[in-house]
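Here is the structure we will look at, set down as structure tokens.
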Amino acid sequence: MNEKQLLEIAKRIANNVGRRVDESNPLCDARLADGSRVNVVIPPIALDGVAISIRKFKEQKLGLRELTGFGAMSPSMARVLMIAARCRLNIIISGGTGSGKTTMLNALSQYIGNDERILTIEDAAELRIQQPHVVRLETRPASTEGSGAITQRDLVINALRMRPERIILGECRGAEAFEMLQAMNTGHDGSMSTLHANTPRDAMSRIESMVMMANLALPLPAIRRTIVSAVNLIIQVNRLRDGSRKVTSISEIYGLEGEAPVMEEIFKFVPDEEQSKDKITGQFVSSGLSSRSEITIRASEYGLSRELDAAFDMEAMA
């Protein structure tokens with residue numbers, strides 16, 4: 135296949151999803167009819183010629199049990215996350231590209247009640263929510279004339295008028311962060327999102343930066359108070375150098391101490407000191423829950439205290 139034929143294919147792909155690629159619009163990122171993600175880049179910005187990337191999703195939807203079987207987390211961690219989702223904690227999943235953030239988000243969504251009204255917001259629909267009461271919203275890029283764009287921030291603002299019980303934002307990457315925090319703080323408990331960050335602390339800093347993108351002139355202490363009152367749990371997922379994906383940290387946010395957010399790591403992955411070249415090994419360890427833990431409080435309210443205690447009993451026996 136020569137470059138001219140590849141360019142023609144790129145144009146057909148873009149046309150089929152209602153987009154256009156040419157010298158004035160050399161980028162296209164969209165969702166195909168089967169749900170796959172496609173990204174097209176052509177000259178002049180693609181220096182070596184047309185590049186087409188198609189990201190297909192597995193038919194099998196992975197749950198927490200399957201992720202545990204793959205070694206991504208311990209059974210205790212899976213049980214605590216299941217309880218956190220059922221008890222409607224507000225959860226942020228943090229990680230790098232390809233670390234499994236969307237997979238984790240899909241897995242957690244399985245524990246949302248079938249009677250709950252869920253609203254999802256994405257740039258390109260990837261979430262596979264199975265509950266019956268789901269409204270899916272997707273952003274729209276600007277037309278070739280530069281008008282008509284509908285952003286994630288627009289959709290989050292509109293979502294608050296649609297009376298959802300939970301809002302699931304596929305990936306938080308900009309000014310919509312402030313509206314998402316407001317939603318979490320105003321009765322939409324159990325809302326979830328993902329973002330790009332390498333550690334839970336980095337995730338907190340990234341949320342601060344994204345809120346500042348909204349140009350609301352809020353002082354940093356006010357932004358931090360908003361974050362710590364909205365977000366209960368940060369799940370850190372990472373793709374390790376051997377290609378494996380693991381939940382490397384589950385941290386609970388308790389509030390502010392002075393101007394610094396107070397976080398406590400409930401679980402973490404500790405690599406072994408001696409590692410082989412081919413496979414990273416280690417242990418999942420827990421520090422238990424603080425007496426002020428929101429998970430403990432919510433588990434009691436939802437009648438799940440015994441299940442929560444059993445999760446940490448499993449950890450002690452491991």
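Numbering (our numbering), first residue to last: 135 to 452. Yeah, the Cβ is synthetic: ideal placement off N, Cα and C, and Gly gets one too. Since the model is a prediction, treat every value here as computed from it, not as a measurement.
Under the criterion of beta carbons closer than 8 angstroms, Ile284 and Arg270 do not qualify as touching, at roughly 14 angstroms. The DSSP-derived three-state label of Ser210 is helix.
For Met326 and Asp376, the gap between their C-alpha atoms comes out near 29 angstroms. Between Val174 and Ile147, the beta carbon gap of about 6 angstroms places them in contact (Cβ cut-off 8 angstroms). Val362: member of the alpha helix (DSSP H) spanning 354 to 364, first to last residue.
As the crow flies, the alpha-carbon of Glu393 is around 19 angstroms from that of Asn319. DSSP, read as helix, strand or coil, puts Ala180 in coil. The straight-line gap separating the alpha-carbon atoms of Glu250 and Ser277 is approximately 35 angstroms. Setting aside the 5 residues that flank it on each side, Pro334 is surrounded in the same chain by Ser228, Ile368, Gln370, Ser383, Ser385, Met397, each with a C-beta closer than 7 angstroms to its C-beta; the list follows chain order.
The C-alpha of Arg432 is placed about 29 angstroms away from the C-alpha of Arg379.
Contact annotation: Arg262 and Asn292 have beta-carbon atoms that are not nearer than 7 angstroms. Residue state for Arg375 is assigned as coil, using DSSP reduced to three classes. In the three-state scheme derived from DSSP, where H, G and I count as helix and E and B as strand, Met216 is classed as helix. In the DSSP assignment, Pro405 falls within the beta strand (DSSP E) that extends over 394 to 405. Looking from the CA of Val381, the closest CA among Asn372, Ile357, Lys195 belongs to Asn372. Of Gly203, Leu390, Gln265, Ala351, the smallest CA-CA separation from Val362 is found for Leu390. Boundaries of the alpha helix (DSSP H) around Ala433: 428 to 435. Contact between Ile302 and His322 fails: their C-beta atoms lie close to 10 angstroms from each other, not under 8 angstroms. Within 10 angstroms of the beta-carbon of Val155 lie 16 or more other beta-carbons, which makes it buried.
Along the length of the region 295 to 364, whole beta strand (DSSP E) runs at least 3 residues long occupy 300 to 303, 326 to 330, reported in chain order. With fewer than 16 other Cβ atoms from the protein chains shown falling within 10 Å of its own Cβ, Ile143 counts as exposed. Counted as a single uninterrupted DSSP element, the alpha helix (DSSP H) harbouring Asn292 occupies residues 286 to 293.
Of the other Cβ atoms in all chains shown, fewer than 16 fall within 10 Å of the Cβ of Phe204; this residue is therefore exposed. The residues Ala309, Phe312, in chain order, have a CB closer than 6 angstroms to that of Ala348 in the same chain once the five nearest residues on each side in sequence are set aside.
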